[in-house]
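Below you'll find the structure, written out as structure tokens, and then a few comments.
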Amino acid sequence: MTFDFSNNKKRKIFEERGITFQDAIDAISEKGILKYFDHPNKEKYPNQKVLVVEINNYTYCVPHIIDNGKLFLKTVIPNRKFMYLLEENK
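Under the working numbering, the first residue of the sequence shown carries the number 63, and numbering increases by one thereafter.
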């Protein structure tokens, strides 16, 4: 799997959330994807999908698009709604 992302967005996410796209990529590679679904707002984000990963014992949503065989990561958002997935995977 090949990943891409905006370097400007990478810096912004790190400054705001202390997390990086590389943290998400590492989580996918090491722990796998906990959940994968279409973006809930299909009108505004028709081509986006969302994957959920575990980073530092917390769940994060990673909206992305698939472009030319690459996953272009849009952002990394902490989301407690999916914490139940961590319990299921124990």
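Cβ atoms here follow ideal geometry from the backbone N, Cα and C, with glycine treated the same way.
All values derive from a computational prediction rather than experimental measurement.
When the five nearest sequence neighbours on each side are left out, the beta carbons in the same chain lying within less than 7 Å of the beta carbon of N141 are those of T121, Y122 and C123, in order along the chain.
Closest in alpha carbon position to K132, among E77, N103 and I87, is I87.
Contact annotation: the segment 107-120 touches the segment 78-86, with at least three C-beta pairs closer than 8 Å. Under the DSSP assignment, L148 falls in the alpha helix (DSSP H) whose first and last residues are Y146 to E150. The residue among A89, E150, K136 and F144 with its C-alpha nearest the C-alpha of K74 is K136.
Here F99 is exposed, its C-beta having fewer than 16 other C-beta atoms within 10 Å. The C-alpha of F67 lies about 17 Å from the C-alpha of V114. In the structure shown, E78 falls within a helical segment according to DSSP collapsed to helix, strand and coil.
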